[in-house]
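*Asks:*
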Amino acid sequence: MVSLQHLSAPVDQVFATQPNVVAFWESQNLQFGTLYLTAHTVTWINASNAGFVLPYPAIAVHAASGASEQFPDPALFLLVDVAKTDIQVAPTPTADDESDDDEVKTVSIRFVPQDATSISNLYGTMNRCQELNPDPKDELDSTDEEDEDDDDEHQEEAAHPAFQAFNGGGGDGGFGNQWYTAENVDNGVELNEEGLANLARMLGGTSSGNNANGAHQEDEPMDDA
Numbered sequence: 057m058v059s060l061q062h063l064s065a066p067v068d069q070v071f072a073t074q075p076n077v078v079a080f081w082e083s084q085n086l087q088f089g090t091l092y093l094t095a096h097t098v099t100w101i102n103a104s105n106a107g108f109v110l111p112y113p114a115i116a117v118h119a120a121s122g123a124s125e126q127f128p129d130p131a132l133f134l135l136v137d138v139a140k141t142d143i144q145v146a147p148t149p150t151a152d153d154e155s156d157d158d159e160v161k162t163v164s165i166r167f168v169p170q171d172a173t174s175i176s177n178l179y180g181t182m183n184r185c186q187e188l189n190p191d192p193k194d195e196l197d198s199t200d201e202e203d204e205d206d207d208d209e210h211q212e213e214a215a216h217p218a219f220q221a222f223n224g225g226g227g228d229g230g231f232g233n234q235w236y237t238a239e240n241v242d243n244g245v246e247l248n249e250e251g252l253a254n255l256a257r258m259l260g261g262t263s264s265g266n267n268a269n270g271a272h273q274e275d276e277p278m279d280d281a
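Its first residue numbered 57, the sequence shown is counted upward by one per residue in the numbering used here.
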């Protein structure tokens, strides 16, 4: 369960403001709030001025998700590495007392606006903001120096249970520090077939093949983003 922080609405470099947005933190319904997309963060604040802030480097995946049996409402879908945020997450009670509170916690967040037609614009805005926040590792990888340290970091990320669960338990590489969207998830994505199928299901798409864009096919207006 996420602990909401007392926040003030951002005022600098706000690219999009969407009121009446229900936030789902995993299965936790946080009710209505206002979603702010700024140059460097995604912020959601409810009517009591409580909410959370997501810096773009913490967002491993963002996509426009169509309606499905599991999620009946179209949404802006995010997969977030909480370790790269200041958000406090209370551990979920389990029978296993050996859980490590310090390990990386990856969560899915769904923003469901009351005005579903706004999802396309929100998705496009996030794409533009993404370009303003390049991952330093991507810049290093674009050079001729492919050092072993980068490979080790990718292996450590892929070995984490949260990343393995997303990637079907395989060792074909995780999504750790890369940007994947519904537009490019099947274009050079370092996920195995089961991982791609898992992502397609999370986005409300079909499970046939490696196409994670099924959500867009279900809701044509979102293809314009």
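Backbone N, C-alpha and C fix where the C-beta goes; we use that ideal spot for every residue, glycine too.
(1) Please determine if the stretch 163 to 170 and the stretch 65 to 83 are in contact, where contact requires at least 3 C-beta pairs separated by less than 8 Å.
(2) Just the Cα atoms here: how many angstroms apart are A120 and M182?
(3) Ends of the beta strand (DSSP E) at Y92?
(4) Which of helix, strand or coil does DSSP assign to N189?
(5) How far does the beta strand (DSSP E) with L132 in it reach, from first residue to last?
(6) Does the separation of the CB atoms of Y92 and A131 fall below 8 Å?
(7) Does any residue of chain D bring its CB to less than 8 Å from the CB of P75?
(8) In three-state terms, what does DSSP make of L110?
(9) Which stretch, first to last residue, makes up the beta strand (DSSP E) that contains I115?
(10) Please work out which residues of its chain come closer than 8 Å, Cβ to Cβ, to H96, disregarding the five sequence neighbours upstream and downstream, and give them in chain order.
(11) By the 10 Å Cβ neighbour count, where 16 or more other Cβ atoms means buried, how is N223 classified, buried or exposed?
(12) Just verifying my parser: in three-state terms, what is the DSSP assignment at N102?
(13) Please report the distance separating the alpha-carbon of Q61 from that of S104.
(14) Could you tell me the alpha carbon to alpha carbon distance between Q126 and D191, rounded to whole angstroms?
(15) Quick check on A79: does DSSP put it in helix, strand or coil?
(16) Taking the alpha-carbon of D142 as reference, which of L86, S176, I175, A114 has the nearest alpha-carbon?
(17) So which of H118, V109, A116 has the shortest CA-CA distance to S59?
(18) Quick check on the burial criterion: 16 or more other C-beta atoms within 10 angstroms. Buried or exposed for D137?
(19) Count the other CB atoms within 10 Å of the CB of T173; is the residue buried (16 or more) or exposed (fewer)?
(20) Given a cut-off of 8 Å, decide if P169 and N76 are closer than it, judged by their beta-carbon atoms.
(21) Which word fits V67, buried or exposed, when buried means at least 16 other C-beta atoms lie within 10 angstroms of its C-beta?
*Replies:* Reading it off the structure:
(1) In this structure the stretch 163 to 170 lies against the stretch 65 to 83, because at least three pairs of beta carbons, one per stretch, are closer than 8 Å.
(2) Taking the straight line from one Cα to the other gives about 10 Å.
(3) Per DSSP, the continuous beta strand (DSSP E) segment holding Y92 begins and ends at 84 to 94.
(4) Looking at N189 - three-state DSSP - the assignment turns out to be coil, as it is neither helix nor strand.
(5) 131 to 137 is the span of the beta strand (DSSP E), which, as asked, contains L132.
(6) Remark: C-beta atoms of Y92 and A131 do not approach each other more closely than 8 Å.
(7) Among the chains in the structure shown there is no chain D, since it carries only a single protein chain.
(8) Strand, per DSSP.
(9) Segment 115 to 121, the beta strand (DSSP E) holding I115.
(10) Beyond the five residues adjoining it in sequence on each side, H96 comes within less than 8 Å, by CB distance, of Q69, P111, Y112, C185, L188, N189 in the same chain, given in chain order.
(11) Note that N223 scores 43 on pLDDT, short of 50, meaning its location in the model is unreliable; the coordinates nonetheless yield the value given after this. By the Cβ-count criterion, N223 is buried, with 16 or more other Cβ atoms from all chains shown falling within 10 Å of its own Cβ.
(12) The answer is strand: DSSP assigns N102 an E or B state.
(13) The alpha-carbon separation between Q61 and S104 amounts to approximately 10 Å.
(14) The straight-line gap from Cα to Cα measures roughly 32 Å.
(15) Strand at A79.
(16) The shortest Cα separation from D142 among L86, S176, I175, A114 belongs to A114.
(17) Selected option, being the one with the closest Cα: V109.
(18) So D137 ends up on the buried side.
(19) In this structure T173 is exposed. Its beta-carbon is surrounded by fewer than 16 other beta-carbon atoms within 10 angstroms.
(20) Cβ atoms of N76 and P169: closer than 8 Å.
(21) That one is exposed.
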